[in-house]
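Residues 22 to 218 (the numbering used here) make up the sequence shown, in order.
These notes are about the structure you will find just below.
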Amino acid sequence: MSDKPAADSVDDAAPLPPGAAGTAPVLEDSTAEKSVSEDPSGWATEWAAGLPGRPGFLIRRLHQIHVALFAEECGGFNVTPVQYSIMSAAALQPGLDQNELAVAVGVDRTTLANVAARLEARGLVRRERTPKDRRLKRVFLTPEGQALLESMARPAARAHQRTIEALSGAERQAFLDSLTRLVLAGNAYGRAPLRMG
22 MSDKPAADSV DDAAPLPPGA AGTAPVLEDS TAEKSVSEDP SGWATEWAAG LPGRPGFLIR
82 RLHQIHVALF AEECGGFNVT PVQYSIMSAA ALQPGLDQNE LAVAVGVDRT TLANVAARLE
142 ARGLVRRERT PKDRRLKRVF LTPEGQALLE SMARPAARAH QRTIEALSGA ERQAFLDSLT
202 RLVLAGNAYG RAPLRMG
């Protein structure tokens, strides 16, 4: 078995390079002030004609950007965004069983079990069978996992900050408020709905 960590889900896949199939190239000037007339290749004209009106495309692209920024900031820790989310949830609510933890972070149970097994193999979490149902396993951070999570706090925060740094302070709050409203409104449609509240 390879020591190289596998992606925990399709969401953890590395972003496609600019110009790859299914993506639009990234403008060098990301401030969106570059006019279409400065783009002799014409791709920006096609992009501007339709894709900005598709929230799914934009959300997916922004997620790819965030994953790339997370990898840049946190790559030295050998932890994926999904692993980081699971470790964070386990730190906030120690002893959740795997099903509860899957709901808490919005992943399916199979993904959660696989990720937890990898984290356990690295000594970052420990799993204990529950007394009432031996099929269920509760998840706890180990001291090593807690130390790693604390070491990652600032780099991970930088990745989140960089994801929205093109927005002003007021715009950032409005953006986060809007995303929260959309997630709350459509939560039941997700493959693995989040436990809200």
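Note that the Cβ used here is the ideal one computed from N, Cα and C, for glycine as well.
Quiz item: Would a check of beta-carbon distances place residue 189 closer than 7 angstroms to chain C?
Solution: Of the chains in the structure shown, none is chain C; there is only one protein chain.
Q. Just how far apart, CA to CA, sit residue 130 and residue 109?
A. 17 angstroms
Less than 8 angstroms between the CB atoms is what I'm expecting for residue 95 and residue 209, so what's the real figure, rounded? Going by Cβ atoms, the distance from residue 95 to residue 209 rounds to 31 angstroms, so no, they are not a contact pair.
**Message:** Going residue by residue through the stretch 141-179, where are the continuous beta strand (DSSP E) segments of at least 3 residues, counting only ones entirely within it?
**Reply:** For the stretch 141-179, the full-length beta strand (DSSP E) segments reaching 3 residues or more read 146-150 and 158-162 along the chain.
Opposite residue 118 in the DSSP bridges: which residues? 159
* Which residue from 154, 155, 163 and 82 puts its Cα closest to that of residue 147? -> 163
message = Could you compute how far the alpha carbon of residue 198 sits from the alpha carbon of residue 125?
response = 20 angstroms
Quick check: the Cα distance between residue 190 and residue 135, rounded to an integer number of angstroms? 38 angstroms
_Buried or exposed by the 16-neighbour rule on C-beta atoms within 10 Å, applied to residue 107_ = Of the residues assessed, residue 107 falls on the buried side of the cut-off, its CB having 16 or more other CB atoms within 10 angstroms.
Rounded to the nearest angstrom, what separates residue 186 and residue 152 at their Cα positions? 47 angstroms
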